[in-house]
Amino acid sequence: MTSTEQGRRKYDELADRYEEIFPYVAEVGKLLVEHASPPSGARLLDVGAGRGAVARAALSLGCTVTAVDASQGMVERLACDFPDIEARQMDAGALAFPDASFDVVAAGFVIQVLPDPDVALAEAHRVLVPGGTIALSLEKQSVGRLRWLYELAAEYFGTPVPSDNDEDNGAVSSAQLDALLQAADFTNLATIPVEMPVSLANPPALWDWLTPRGLAEAVNALPAEQAESFRNRFLTQAETMQSNDGIALDFRATLHKAQKPCGQPASI
Ligand SMILES: C[S@@+](CC[C@H](N)C(=O)[O-])C[C@H]1O[C@@H](n2cnc3c(N)ncnc32)[C@H](O)[C@@H]1O
Numbered sequence: 001m002t003s004t005e006q007g008r009r010k011y012d013e014l015a016d017r018y019e020e021i022f023p024y025v026a027e028v029g030k031l032l033v034e035h036a037s038p039p040s041g042a043r044l045l046d047v048g049a050g051r052g053a054v055a056r057a058a059l060s061l062g063c064t065v066t067a068v069d070a071s072q073g074m075v076e077r078l079a080c081d082f083p084d085i086e087a088r089q090m091d092a093g094a095l096a097f098p099d100a101s102f103d104v105v106a107a108g109f110v111i112q113v114l115p116d117p118d119v120a121l122a123e124a125h126r127v128l129v130p131g132g133t134i135a136l137s138l139e140k141q142s143v144g145r146l147r148w149l150y151e152l153a154a155e156y157f158g159t160p161v162p163s164d165n166d167e168d169n170g171a172v173s174s175a176q177l178d179a180l181l182q183a184a185d186f187t188n189l190a191t192i193p194v195e196m197p198v199s200l201a202n203p204p205a206l207w208d209w210l211t212p213r214g215l216a217e218a219v220n221a222l223p224a225e226q227a228e229s230f231r232n233r234f235l236t237q238a239e240t241m242q243s244n245d246g247i248a249l250d251f252r253a254t255l256h257k258a259q260k261p262c263g264q265p266a267s268i
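Numbered according to UniProt numbering, the sequence shown spans residues 1 to 268.
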């Protein structure tokens, strides 16, 4: 199975409960669309749309929305939940749209899960009109209260424990994303930070929240006995974070926007 197929299957499995497991995405989708500030009637493409956090916000601002996702499960839910948008199964790296078809291309928390983010950015550039806007959100994974998890992972998987100050230890840092945007010939870059508390109900909810972030693949690759031991120790440690209000985490992200320069041919 290729990593792309694995990714598709993972999001197919998450589709029904996606916005329950990740309750902050709706708010960040709204902030991302506000950051892009599309005029009413703008043609907006939501790439890796998931359950429609970005598409929903764009619709409410009067945009004409097209949403694509690699996961058939996500696309089926999008089509059902948002009859006013065109929802299609599609790869971010091979958009089946003509050059200069959209005024805005947005992708919420997608760049970090792509094997070739530069290819997706080149495709976004191609389908944008000159002067069009790209808007992307990026999660910042900080160690914070989860230091015990990094230490547990170091024990089982041999992965390094990042320093407390290392907030950009995700697959793509915000500086790397800016560099990728510039390399893809976008200009007028503007980035803003987002910070919000996230409260998860209990240790199994923390497990659900973390496993799609690469933990599932690592645990599944362990022999069954070790995988069970890892999960048990995870749940015991997570218990120590539990208070009456659940498990509190600080969620951080950055919102990036940039423009395709005006006056260029649609395809370069
Ligand atoms: C972290 S989720 C974000 C969903 C949504 N944008 C949000 O903000 O809630 C990533 C989404 O990207 C999709 N995805 C992953 N790889 C993709 C690819 N190569 N092309 C298109 N979509 C992809 C996944 O199926 C998933 O729905």
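Built from N, CA and C at the ideal position, the CB exists for glycine as well.
Got a sec, what are the start and stop residues for the alpha helix (DSSP H) residue i sits in?
{"i": "Phe234", "result": "224-239"}
{"i": "Arg147", "result": "147-157"}
{"i": "Ala183", "result": "174-183"}
{"i": "Gly29", "result": "25-36"}
{"i": "Leu114", "result": "No alpha helix (DSSP H) contains Leu114, which DSSP labels as neither H nor E."}
{"i": "Ala216", "result": "215-220"}
Do you know offhand how far residue i's Cα is from residue j's?
{"i": "Gly108", "j": "Ala49", "result": "7 Å"}
{"i": "Asn202", "j": "Ile111", "result": "29 Å"}
{"i": "Arg8", "j": "Gln89", "result": "11 Å"}
{"i": "Phe251", "j": "Leu206", "result": "13 Å"}
{"i": "Gly246", "j": "Val127", "result": "43 Å"}
{"i": "Arg17", "j": "Gly263", "result": "43 Å"}
{"i": "Val119", "j": "Phe97", "result": "15 Å"}
{"i": "Gln182", "j": "Ala42", "result": "24 Å"}
{"i": "Asp208", "j": "Leu149", "result": "14 Å"}
{"i": "Val68", "j": "Ala26", "result": "17 Å"}
{"i": "Thr211", "j": "Tyr156", "result": "15 Å"}
Taking DSSP's pairing of strands, which residues face residue i in a bridge?
{"i": "Ser137", "result": "Gly108, Leu255"}
{"i": "Arg43", "result": "Thr64"}
{"i": "Pro130", "result": "Beta-bridge pairing links Pro130 to no other residue."}
{"i": "Asp69", "result": "Gln89"}
{"i": "Ala248", "result": "Ser199"}
{"i": "Ser243", "result": "Gly246"}
{"i": "Gly102", "result": "Going by the sequence as given, residue 102 is Phe instead of Gly. For Phe102, which the question treats as bridged, DSSP gives the partners Leu128."}
{"i": "Ala94", "result": "Asp91"}
Is it right to say residue i is buried, meaning 16 or more other beta carbons lie within 10 angstroms of its own, or is it exposed?
{"i": "Arg56", "result": "buried"}
{"i": "Ala106", "result": "buried"}
{"i": "Thr159", "result": "exposed"}
{"i": "Leu131", "result": "The question names Leu, yet the displayed sequence has Gly at residue 131. With fewer than 16 Cβ atoms within 10 Å of its Cβ, Gly131 is classed as exposed."}
{"i": "Met74", "result": "buried"}
{"i": "Asp103", "result": "buried"}
{"i": "Arg145", "result": "exposed"}
{"i": "Pro223", "result": "exposed"}
{"i": "Phe234", "result": "buried"}
{"i": "Pro83", "result": "exposed"}
{"i": "Ile134", "result": "buried"}
{"i": "residue 273", "result": "For the chain, the structure presents residues 1 to 268; residue 273 sits outside this window and is missing."}
Mind checking which residues open and close the beta strand (DSSP E) that includes residue i?
{"i": "Val119", "result": "Per DSSP, Val119 belongs to no beta strand (DSSP E); it is in the alpha helix (DSSP H), 117-127."}
{"i": "Ala190", "result": "187-200"}
Can you confirm whether residue i, when its beta carbon is compared against all beta carbons of chain B, has any partner nearer than 7 Å?
{"i": "Gln72", "result": "The chain inventory of the structure shown lacks chain B, comprising one protein chain alone."}
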